[in-house]
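> Numbering-wise, the sequence shown is residues 0 to 862 according to numbering that gives the first Met the number 0. Have a look at the structure that comes next, please.
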Amino acid sequence: MKSLFRNSVIWITLGCLLQTSMAVASSSLADSVKSVKTLVAMRIRNNSIHIDGLLNEKDWQIAPADSNFVQYEPNGGQPATEKTTVQVLYDDNALYVGVRAYDSEPDKIRGLLTRRDQESPCDFLSIGIDSYGDKRTAFEFGVNPAGIQIDALWSDDNNRDKNWDAVWEVATSIDTLGWTAEFRIPFSQLRFSSQRTQTWGFEVQRIINRKNEVVFWAPILKNQNRVVSLFGRLVGLENIPAPKRLHLLPYAVGTGNFYPIEKDNPFLQRPFYTWSVGGNLKYGLTSNLTVDLTINPDFGQVEADPSEFNLTAYESYFEEKRPFFMEGSNIFNYKIGLGDEGDMAGETLFYSRRIGAMPHYYPDVSDSGYVDIPKHTRILGAVKLTGKTSGWSIGILEALTNQEKLEVVEGGQRYHEIVEPFTNYFVARLQRDFRNGRSTIGGMVTSVRRQIPNENFNNLNKQAFAGGVDLSHRWRNDTYQLNLKILGSYISGNKEAIQEAQESSARYFQRPDAKHVKYDPNRTSLSGFASTLSIGKIGGEHWRWMVGGITRSPGFEVNDLGYMRYADLATGFLWVGYQEFNPGKIFRNYNINLNLWGVSNYAPETLAREANINGYFRLLNYWGGFIGVNRELPGLNTVALRGGPTMKTPGRISTWLGFHSDRRKAISLRINGGYSRDDQGFSSTWFRTKITVRPSGRFDFKLSFRYSPSVDDRQYVDNIKNGAETRYILGRLKHKTISSTFRLNYTVTCNLTIQFYCMPFISAGKYSHFKEVIAPRAAKYDERYQPYDYDSNPDFNFKQFRSNLVIRWEYRPGSVIYLVWSQGRTNFEEEYGSFRLGRDIMKLFDTHSENVVMIKINRWLNI
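So, in structure tokens, the structure goes:
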């Protein structure tokens with residue numbers, strides 16, 4: 000009852016804050032109106048500019064120019080220490096931007112050769128174009144003095160997505176006055192309305208590396224927490240013809256697979272080779288709506304996921320790396336969790352890695368049988384519609400994946416068996432902005448439909464639907480913000496599928512003490528709802544805060560096309576932070592944060608209560624550090640016994656700290672670590688270090704190392720059924736994990752790069768002190784368990800090595816040849832939990848490797 004009362008108070012308080020925010024919304028009409036910097040673009044004859052970085056054509060001599068840049072870093076609001084001028088020209092086909100970056104010490108201008116889109120510590124120029132004029136969306140085009148291009152897409156005012164790629168030109172030149180950049184941005188790469196006269200948002204950024212100085216043409220300050228809405232204006236654009244936007248990117252790929260030869264295995268008697276073709280199409284329906292189509296996409300050049308050994312009850316989250324799903328992904332970003340780190344950070348309504356994932360089914364095959372199983376589900380085709388029109392942002396994605404089959408050789412017979420059904424995925428996102436982008440309202444829906452071929456797939460949902468509506472509102476000169484989402488979900492299928500959903504780690508309906516939910520093995524559907532609410536101060540000089548919460552009903556389920564770890568929860572949180580942006584006698588900047596949060600379920604029961612304080616500082620020499628401490632009070636764990644009763648868990652205190660050196664230097668270092676200890680004295684430690692070395696302007700390598708030993712007295716081991724009774728077995732796990740990541744980048748030219756990545760990973764665990772849970776909620780720790788004679792050995796020693804070598808040559812704009820060599824080694828030993836670094840490394844590299852060599856050629860065609 001107390002927990003219910005407390006939760007009610009929290010939500011009533013949040014409701015009052017919501018009402019307050021609406022009441023003061025009218026004050027936004029009185030937000031201060033400041034003068035906006037304006038630059039006039041000059042029309043020129045078609046193709047009269049040669050992109051060479053010299054800015055020596057006559058048009059550049061007479062075009063309007065502007066300067067007076069303002070510092071963002073280190074002394075926000077002060078005039079730039081070096082002069083910068085910008086000019087804009089245009090013809091029927093493209094926008095031309097010329098930037099002259101004067102420098103009093105031109106011999107210290109630094110430009111590093113790297114792969115495209117890779118940021119590095121060097122001088123830099125970029126332009127931002129808000130061609131929609133919505134003060135929320137912008138296209139960024141940047142370059143360093145070595146001519147390395149970077150492009151990005153800005154959304155929601157301050158979210159930057161570097162995965163967006165366009166085809167454009169830029170050239171640079173260094174002289175006695177400083178350096179220059181000459182941009183040509185085809186109108187076909189931008190999105191804008193069909194109006195006769197255009198007014199676009201416009202920004203220019205310059206970085207002076209040796210001074211660590213960042214300046215903007217239209218001032219942007221750190222305490223404003225926004226970007227695109229602060230752009231200046233670009234005027235003078237008239238009668239721009241609607242560009243023809245039909246781009247094709249066909250590809251051909253050949254792959255050689257080299258595995259250890261097994262004489263008895265019919266699938267591993269010799270290397271095998273494959274080839275395939277496919278392509279992408281990009282078509283502009285209008286000047287601001289674009290269709291992207293991919294047929295039989297290939298992602299062989301994509302880097303492998305990092306190794307891990309997951310002992311939790313939850314599915315691992317991995318970032319998307321496939322270009323088709325990364326480009327323009329900002330419109331489909333619909334987070335349903337909290338924060339940028341932690342267990343709920345990756346929770347989202349749309350998790351694109353569901354499309355083309357590993358097959359769901361694996362058949363029972365005798366020990367004498369052999370199988371050839373696909374590693375992923377082939378995407379037959381996918382289409383995206385994205386853009387913005389009349390204040391509406393639009394995103395639609397649909398994909399169809401193949402019915403995958405594996406081949407089996409068993410008992411002298413060879414046959415095929417279906418391991419994944421035909422599946423259709425659909426996502427639609429709409430968002431309407433008001434008040435120059437300060438308020439938005441929108442929604443998103445997702446659906447998954449599977450063509451279930453036989454009873455082997457009765458555990459998969461036939462269809463799954465989820466959706467939400469969202470509201471965002473900023474006021475008081477964008478200092479305060481309110482965010483609200485309300486969501487619902489519905490899944491249906493055979494009773495086996497819904498039973499699996501009820502028994503999943505997100506809810507565990509079968510828990511014997513979960514009286515607030517009903518476990519029904521005969522159900523054929525499941526539905527639920529969720530909501531998130533936050534309100535806070537996101538701008539201003541020093542103090543900022545945020546208060547909010549999340550609630551999810553027990554039946555809420557989005558994992559068919561989303562990613563979610565937890566249902567059946569109500570979470571409230573408070574964050575208060577103090578930030579200093581301006582340099583002082585010791586610190587260049589620093590921040591201090593206090594976080595409080597609590598979690599309950601719908602019983603209601605209080606599951607967790609935590610608080611932490613943390614801070615970051617940067618010294619005047621650009622070295623920095625961070626420190627934090629977290630206290631978790633004793634709580635309840637509904638997951639620890641994997642469907643068993645809720646178990647009381649001891650409190651825990653954790654601390655972490657670290658530092659980093661000046662990232663601009665040829666050698667930079669980052670070291671951090673942490674220690675955690677529960678109230679029973681069991682602890683875990685982690686240590687991580689990363690070193691970056693840049694011996695020359697075209698070569699760099701990064702080496703990181705992580706070591707984490709731990710002792711967990713309550714690691715889940717097994718559930719043993721004995722008639723109607725179930726025994727829940729835990730053990731004391733001594734666990735050690737060590738891993739290292741090495742990255743090497745060598746840039747031969749701006750368009751030819753070599754990248755190498757490798758990651759050795761070793762994780763070993765040894766169990767002891769097995770115990771049976773007898774009174775999971777007992778007040779005293781020792782009364783919750785009794786010793787148990789467990790006759791199996793769950794020890795493990797897992798070793799893995801993954802590497803990737805990619806040679807990338809952009810032989811013409813937008814057209815690339817890839818040469819890729821990937822290697823993998825995996826060694827898993829059960830019942831063997833000791834950790835010995837030298838021995839384990841020897842065993843890992845004694846393991847036969849699997850090698851894949853691929854060549855991929857694509858060609859960008861502008862039709």
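Every residue gets a Cβ at the ideal spot worked out from N, C-alpha and C, and that includes glycine. Please read these numbers as outputs of a predicted model, since none were measured by experiment.
(1) Give me the Cα-Cα distance between residue 587 and residue 576, rounded to the nearest whole angstrom.
(2) What is the DSSP secondary structure of residue 580, counted as helix, strand or coil?
(3) Would you kindly work out how many angstroms separate the C-alpha atoms of residue 83 and residue 199, rounded to a whole number?
(4) Note down, one range per segment and in chain order, each beta strand (DSSP E) of at least 3 residues found wholly within the segment 146-208.
(5) Check residue 374 in the structure and name its three-state DSSP category.
(6) Return the CA-CA distance between residue 467 and residue 487, expressed in angstroms with no decimal places.
(7) Would you mind sorting residue 381 into buried or exposed? The rule is 16 or more other CB atoms within 10 Å of its CB.
(8) Pull up the distance between the alpha-carbon of residue 401 and that of residue 379, whole angstroms please.
(9) For residue 283, I'd like the list of residues in its chain whose CB is within less than 6 Å of its CB, leaving aside the five on either flank, ordered along the chain.
(10) Compare the beta carbon distance of residue 214 and residue 69 with 8 Å and say whether it is the shorter of the two.
(11) Between the alpha carbons of residue 256 and residue 804, how many angstroms are there, rounded?
(12) Let's see if you can read the secondary structure: which residues bound the alpha helix (DSSP H) around residue 475?
(13) What are the start and end residues of each continuous beta strand (DSSP E) run of 3 or more residues lying completely inside the segment 743-817, in chain order?
(14) Do residue 708 and residue 678 have their C-beta atoms closer together than 8 Å?
(15) Grab me the residues of residue 254's own chain with a C-beta within less than 6 Å of its C-beta, minus the 5 sequence neighbours each way, in chain order.
(16) Run the CB neighbour count on residue 865, radius 10 Å, all protein chains shown included, and call it buried at 16 or more, exposed below.
(17) To which residues of the same chain is residue 158 closer than 8 Å at the C-beta, ignoring the five residues directly before and after it?
(18) If you drop the 5 nearest sequence neighbours on each side, which residues of the same chain put their C-beta closer than 6 Å to that of residue 280?
(19) If we count Cβ pairs, one from each stretch, closer than 8 Å, do we get three or more for the segment 632-645 versus the segment 661-675?
(20) So is residue 795 buried or exposed if we call it buried at 16+ other beta carbons inside 10 Å?
(21) Express the C-alpha separation of residue 241 and residue 286 in angstroms, rounding to a whole number.
(22) Using 8 Å for Cβ pairs, my map puts residue 222 next to residue 540. What's the rounded Cβ distance?
(23) Taking residue 47 as the reference, which of 88, 37, 777 has the closest Cα?
(24) Taking the alpha helix (DSSP H) that residue 500 belongs to, which residues open and close that run?
(25) Relative to the alpha-carbon of residue 448, which residue among 57, 777, 424 has its alpha-carbon at the smallest distance?
(26) Look up residue 694 in the DSSP assignment and say whether it is helix, strand or coil.
(27) By how many angstroms is the C-alpha of residue 389 removed from the C-alpha of residue 29?
(28) Using beta-carbon positions only, say whether residue 441 and residue 450 come within less than 8 Å of one another.
(29) Taking residue 115 as the reference, give the member of 835, 505, 829, 812 with the closest Cα.
(30) Would you mind giving the Cβ-Cβ distance between residue 531 and residue 335, rounded to the nearest angstrom? I have them listed as a contact below 8 Å.
(31) Please list, in chain order, all residues of the same chain as residue 26 whose beta carbon is under 8 Å from its beta carbon, the five residues on each side excluded.
(32) Alpha carbons only, please: which of 132, 95, 561 is nearest the one belonging to residue 344?
(33) Specify, as a first and last residue, the run of the beta strand (DSSP E) that residue 838 falls within.
(34) Go to residue 514, then tell me how far its alpha helix (DSSP H) extends in each direction, as first and last residue.
(35) Have a look at residue 398 and residue 367 and give me their C-alpha separation to the nearest angstrom.
(36) Between the Cα of residue 261 and the Cα atoms of 173, 61, 849, 810, which residue gives the shortest distance?
Based on what the coordinates show:
(1) Our two residues, residue 587 and residue 576, have alpha carbons roughly 17 Å apart in a direct line.
(2) In the structure shown, residue 580 sits in coil (DSSP, three-state: anything other than H, G, I, E or B).
(3) Near 21 Å, if we compare the C-alpha coordinates of residue 199 and residue 83.
(4) The segment 146-208 contains these whole beta strand (DSSP E) runs: 148-154, 158-160, 168-174, 177-185, 196-207.
(5) In the structure shown, the three-state DSSP call for residue 374 is coil.
(6) So the alpha carbons of these two residues sit roughly 6 Å apart.
(7) Residue 381 is classed as buried because its beta carbon has at least 16 other beta carbons within 10 Å across all chains shown.
(8) Taking the straight line joining both Cα atoms gives about 6 Å.
(9) Within the same chain, 244, 289 come within 6 Å of residue 283 by CB-CB distance, once the 5 residues on both sides are set aside.
(10) Cβ distance < 8 Å, so residue 214 and residue 69 count as in contact.
(11) C-alpha separation (whole angstroms): 15 Å.
(12) For residue 475, there is no enclosing alpha helix (DSSP H), as DSSP marks it with neither H nor E.
(13) Fully enclosed beta strand (DSSP E) runs of 3 or longer: 751-772, 784-786, 795-811.
(14) No, Cβ-Cβ distance for residue 708 and residue 678 is not below 8 Å.
(15) Excluding sequence positions up to five before and after residue 254, its CB lies within less than 6 Å of the CB of 273, 853, all in the same chain and listed in chain order.
(16) For residue 865 there is no data in the structure shown, the boundaries of the chain being 0 and 862.
(17) The answer, listed in chain order, is 329, 332.
(18) Contacts found: 247, 292.
(19) As far as the Cβ criterion goes, the segment 632-645 does not touch the segment 661-675, which means the pair count is below three.
(20) Classification of residue 795: buried, given that the 10 Å Cβ count is 16 or more.
(21) CA-to-CA, the gap between residue 286 and residue 241 works out to about 6 Å.
(22) Beta-carbon to beta-carbon, residue 222 and residue 540 are separated by about 5 Å, close enough to satisfy the 8 Å threshold.
(23) Of the candidates 88, 37, 777, the one whose C-alpha sits nearest the C-alpha of residue 47 is 88.
(24) Bounds of the alpha helix (DSSP H) holding residue 500 are 494-501.
(25) Nearest C-alpha to residue 448: 424.
(26) Note: residue 694 maps to strand in three-state DSSP.
(27) Residue placement at residue 29 is flagged as unreliable, the pLDDT there being 36, under the threshold of 50; the coordinate-derived value follows with that caveat. Roughly 25 Å separates the two Cα atoms.
(28) Annotated as distal: residue 441 and residue 450, with beta-carbon spacing of 8 Å or more.
(29) Between residue 115 and the set 835, 505, 829, 812, the nearest pair of CA atoms involves 812.
(30) Confirmed, about 6 Å.
(31) A caution first: residue 26 carries a pLDDT of 39, below 50, which makes its placement in the model unreliable, though a value can still be read off. Cβ neighbours of residue 26 beyond the five flanking positions: 474, 475.
(32) Out of 132, 95, 561, the CA that lies nearest to the CA of residue 344 is found in 561.
(33) Counting along the chain, residue 838 falls outside any beta strand (DSSP E), though it belongs to the alpha helix (DSSP H) covering 836-845.
(34) Residue 514 -> no alpha helix (DSSP H), and no H or E assigned at all.
(35) Going from the Cα of residue 398 to the Cα of residue 367 covers about 38 Å.
(36) Looking at the Cα atoms, 849 is the closest of the given residues.
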